[in-house]
Amino acid sequence: MTKHFLLISLLFIYFFPTYSQENKLEYRITYELRYQPDSTDSGKIRTEPMWLFAGSQASLFLSKGQALKDSLSSSANIAMLGTEHWKQKASATKSAFSFRIFKDVSENKIYHGEKIFQDKLFYTEPKGQISWNILPESQEIFGYSAQKASTSFAGRDYTAWFTTEIPIPDGPYKFSGLPGLILKLEDSEQEYVFSFVGLEKLYEPMQLNIPPADYQEADKVEIFELKQRFEEDPIKYVNNYVGPGGKRITIKADRSQKKNLKDRREADKNQNPIELK
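Sequential numbering from 1 applies to the sequence shown in UniProt numbering.
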């Protein structure tokens, strides 16, 4: 068994422990995300690999770093958190994006999942909220004939290039609904650019539960308030967290360690979210 196949297997064990719905995922599409974490600093650019697992009735989109982190979490327990071994493993799975985007074709819904420390929460949105304008321009991208389309979503204007040569009507993040796979997606300010890198057919189809079996539904505002509290002071958040059976975790840090953590957190922080409203 290859390391790549083992990683994918662990990821799906983590997300989908039971199989109540026939949502088979057959392909893994890789995108490179090029983004600007600070809208006031165009010279600061970062990149991160993203994965889209797609099938005819459902899909899952998340960062590769989150996929690695989730596979690590599937073999961890609450007692391991904060240990040196766990810290070393977790440091290799850094990602600026904590979302997991589940798309359900039959229900015409998007489930936006967030894992905030040990809490797994989601909120729903209509899948058909993005309205496309298909344009006549075309170009070749990655060896495929691609056609141009445009849309607006969550405070940004986007241009997409899709190909009917790959009949998967899906794409990065919450974007879907074009008559083929989105190969490139960019906002008008070039602050978020998703570029197709490759497509692989999974050795064995994976099955996806929607909504995710171990996630709890919550209000969107509530989810992002919790997320903000965690990002602002993770040590305080963790020390106040009450786990199953009333179990608590205590992370001790002196003033210098807290300052170093805060400085690193500020340096890594994405202050330019993909959704502006």
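By construction, the Cβ of each residue, glycine as well, lies at the ideal position given by its N, Cα and C atoms.
Could you tell me the distance, in whole angstroms, from the CA atom of E107 to the CA atom of E125? 11 Å
In the DSSP output, which residue or residues are listed as bridge partners for I29? L52 and L199
Alpha-carbon to alpha-carbon, T47 and S63: Distance between the alpha carbons of S63 and T47 is about 11 Å.
Under the DSSP definition of a beta bridge, which residues are partnered with V193? As computed with DSSP, V193 is found in a beta bridge with R34 and E186.
A96 (DSSP reduced to helix, strand or coil): coil
Which residue comes first and which comes last in the beta strand (DSSP E) that contains K120? If you look at K120, you'll find it in the beta strand (DSSP E) that goes D119 to P126.
What residue does the beta strand (DSSP E) around E222 start on, and which one ends it? Premise fails: E222 lies in the alpha helix (DSSP H), K220 to E232, not in any beta strand (DSSP E).
Exposed or buried, what is K174 when buried is set at 16 or more other beta-carbons lying within 10 Å of its beta-carbon? buried
Using the Cα positions of F102 and K236, report the straight-line distance between them to the nearest angstrom. 30 Å
CA nearest to the CA of E222, picked from Q271, E275, I29 and E114: E114
Three-state class that DSSP yields for L276 in the structure shown: coil
Which residues bound the beta strand (DSSP E) around K174? First-last for K174: undefined, no H or E at that position.
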